Each structure stands twice: as structure tokens, then as C-alpha cells.
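Trainee:
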Amino acid sequence: MKDIIIVGGGLAGLTAGMYAQRGGMDTLLFEKMFTGGQASTTNMIENYPGFDDPISGPDFAMKIENHARKFGLEIQYDEIVDLELEGKIKKVKTENKEYECKALILAMGAEPKKLGLDKEDEFRGRGVSYCATCDGAFYRGKDVVVVGGGDTAAEDAMFLSQYVNKVYLVHRRDTLRATKILADRVIANKKIEKIWDSAVEAILGDDQVTGIRVVNLKTGEKREIKVDGMFIAIGVRPNSELIKGRVKMSEAGYVLTNESMQTNIPGVFAAGDLRHKPLLQLVTAAADGAIAAYSAQRYIIEEFDE
Ligand code: NAP
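My numbering numbers the first residue of the sequence shown as 232 and each following residue consecutively.
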């Protein structure tokens, strides 16, 4: 039996793993795809304390993983298909095996939201993308559209403008929600045409994206724009399906915790973008992970007399 099992290898999970191992807890982290979470799909990180020169997302993720491994964190690449949360011993199930632990840290993070348009799923990988850093290079010299007005949309538009011929930024309001420094860069960038107060109502193309139809939400006027790529950056939704109806959540599906990262179930903690909180950032994910590990360790000492 493990002391602590962590589900999710983004920054929150890796930091929890680093703290738990360093604290002497025998810890196992499960990750279904790649470590680093959303940081790995970020172009440049310039607001993580200590990195005064911007660092690429994948480099940052690798550093954090190496750091956690230095303390002996065991990382297993497998998908968790079920969890038994209620008993004193928690059970974590993959397709082929069951694991037990004394405390569990949920750090499954969040993933990009979809617009819900026809062809959005069908054309994913054929013009539709949720990750400018991953797919931007395919659109060198072409025209693309970014949908959204938050930090992700602003960063995506700036990143893509380095490669593509032109970026259209479609936002449903006439001001960006993005942090001022990012918003100012977007406004000043001549390669980014801002299409305010508008929504994409259709993706055009027979077997790949060739354009979009945009409607102005104030005037009702419609316009077709030729683009080869469409980057959707309209926010995230928590990866909380696995624990739906079992752990207390906000209406939007974010896990509710107290300030010690404890959920409503004893021995079950949550950290990072999965958790309901005012600021979803790398620095708050790391802080959550550290607190969750500390709290899980306190819980084990108290409940298991260690
Ligand atoms: P976000 O802040 O939630 O912004 C989502 C944007 O998409 C908003 O502008 C929103 O419009 C728009 N939107 C939402 N649903 C839409 C829909 N159905 N159709 C059209 N537009 C829609 O999401 P995010 O930009 O992905 O950021 C998520 C979190 O990560 C935030 O906390 C953000 O600060 C953080 N983040 C930080 C950084 C950084 O610090 N460098 C980088 C990336 C992300 P409205 O404005 O009208 O609501």
C-alpha cells in the first residue's frame, strides 16, 4: 500500500508529489498522457516567480518533473478508470490493476472548452485546434482565427502572429478579458485583426477547415472569412467526470475544498485547476499541490498513528 496516490501529473500533481516524497511519504503519481498538464501546451511562461527570462512550457514542465523525481517520486503512465473514496483505505483502479493508499490527492486539472459547433469534432486535427503551441507551426504563412478573449486567446494570437500571414481574433465582446499586458500586446499587433462583438456560427469546409462564418452579435451582420486554421481558446472545464456526484463540487464542476485542500471526504484532497478558486495559474497550482501534500501527510500521521 502507498501512503499517498496522486491522480494527475500537471504542476499541482507534480508539486504535491515532490512535497510528499520529500516529507517521507511513499508516493505514486498517475498520469494518463504527459506530465506538465496545461503548462506543456503553453508557448512561453513569463509569470512564474524566479523565471525572469521567459521559459517555454515544455521546458518548464520537464524541469518540474525532474525536480519531483529527484526526491524519488514514482510516476506511472496509466489512466485511472475508477476510485473508491469512502473507506479509510482508498482504492485507485486502472484498467488492469488496483492500488491502495492512505490518502489521495486529486489533481486532474482542466481541459479546453468546446464551442459546440457542427464539424468542430470532425475537423479536430484538420484545421480545428485547442493548442496553438502544439499546432501553430502547421499554419506558417497561412490565415488563422483565434476565438476567445482571455489570457489563452491573447497568448495564442500573439504566438501565431509570429508564423502566420494573418490572425483574426473573434471575441464576443468589445474588450479583452486578458491581463492588461497581454491585451495591450494584442491591440498593438498589426497582424491581428480584431473582430469584436462577434461569434463564429459555422465552420466551413468539406473535409477540413477552409473558413468560418462570423455573426456580429450587435447588428446581426454575417461575414465569411477564409482561414486554414481555427484555434479555440474560450476557457477551460474541470476534468472531474471521474468523481462526479461523489465529491462536492461547484455548479461548474470544480471540486470544493477548504484552505487545507481537503474535500468533503476524509483523506481525499484536491489541488490545481480542478479546484474551485479565484485564480487558475501555474503559481496557484504549485501552491495547492504543496498544501495538499502537507495536509495529506498530517492526515496520515493523525489517522494512521504514524
Ligand atoms: P477565460 O479567462 O475563462 O476566458 C475565456 C474567454 O473566452 C473569455 O473572453 C470569454 O468571453 C470567451 N468565451 C467563453 N465561452 C465562450 C463561448 N461559448 N463563445 C465565445 N467566447 C467564449 O479562459 P482562458 O483564457 O483559457 O484562461 C483560463 C485561466 O487560465 C484563466 O484563469 C487565465 O488567467 C489563466 N491563464 C493564464 C495565463 C497567463 O497568466 N499567462 C495564460 C493562459 C491562461 P467573455 O470575456 O465575454 O467572458
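All C-beta atoms, glycine included, are put in the ideal place defined by N, C-alpha and C. The model shown is predicted, which means the values in this text are computed figures rather than measured ones.
Quick check on the DSSP output: what are the complete beta strand (DSSP E) runs of length 3 or more inside the region 376 to 411, in order along the chain?
Mentor: 397 to 401
Trainee: Check for me: the alpha helix (DSSP H) holding N297 runs from which residue to which?
Mentor: Unbroken alpha helix (DSSP H) run through N297: 288 to 301.
Trainee: Does the count of Cβ pairs from the region 248 to 261 and the region 298 to 314 closer than 8 Å reach three?
Mentor: By the Cβ criterion, the region 248 to 261 is in contact with the region 298 to 314, since at least three pairs of Cβ atoms, one from each stretch, lie closer than 8 Å.
Trainee: What are the boundary residues of the beta strand (DSSP E) that includes V445?
Mentor: Unbroken beta strand (DSSP E) run through V445: 442 to 447.
Trainee: Does the beta-carbon of R403, which I'm using as the reference point, lie nearer than 7 Å to any heavy atom of ligand 1?
Mentor: yes
Trainee: Given F369, which residues of its chain have a CB within under 8 Å of its CB, disregarding the five upstream and five downstream residues?
Mentor: G460, listed in sequence order.
Trainee: Identify which residue in L473, S471, V376, I531 has its Cα closest to the Cα of E455.
Mentor: V376
Trainee: Which parts of the region 481 to 506 are runs of the beta strand (DSSP E), unbroken and 3 residues or longer, counting only runs that do not cross its ends?
Mentor: Unbroken beta strand (DSSP E) runs of no fewer than 3 residues, entirely contained in the region 481 to 506, are found at 499 to 501, following chain order.
Trainee: Ignoring anything shorter than 3 residues or poking outside the region 305 to 358, list the beta strand (DSSP E) runs there in chain order.
Mentor: 305 to 308, 313 to 315, 321 to 324, 329 to 337, 341 to 343
Trainee: Would D519 be called buried (16 or more neighbouring beta carbons within 10 Å of its own) or exposed?
Mentor: buried
Trainee: Quick test of the definition: if touching needs 3 or more C-beta pairs under 8 Å, does the region 499 to 506 touch the region 461 to 476?
Mentor: yes
Trainee: Taking contact to mean at least 3 C-beta pairs separated by less than 8 Å, is the region 376 to 386 in contact with the region 404 to 419?
Mentor: yes
Trainee: Thinking C-alpha only, which one of K233, I320, A251, E342 is nearest S271?
Mentor: E342
Trainee: Is the region 350 to 361 touching the region 474 to 482 in the sense that three or more CB pairs, one from each, lie closer than 8 Å?
Mentor: no
Trainee: By the DSSP assignment, the alpha helix (DSSP H) with E534 in it spans what residues?
Mentor: 513 to 534 is the extent of the alpha helix (DSSP H) around E534.
Trainee: Once you ignore the five residues that flank Y250 on each side, which residues in its own chain have a CB closer than 6 Å to its CB?
Mentor: A521, A524
Trainee: By a C-beta neighbour count over all protein chains shown, 10 Å radius and 16 as the cutoff for buried, is E386 buried or exposed?
Mentor: buried
Trainee: Any heavy atom of ligand 1 closer than 7 Å to the Cβ of D290?
Mentor: no
Trainee: Can you find the residues in the same chain that come closer than 6 Å, C-beta to C-beta, to G244, ignoring five residues on each side of it along the sequence?
Mentor: I237, L260, A338
Trainee: DSSP state of L260, grouped into three classes?
Mentor: strand
Trainee: Look at the alpha carbon of L314 and the alpha carbon of A247, and state the distance between them as a whole number of angstroms.
Mentor: 19 Å
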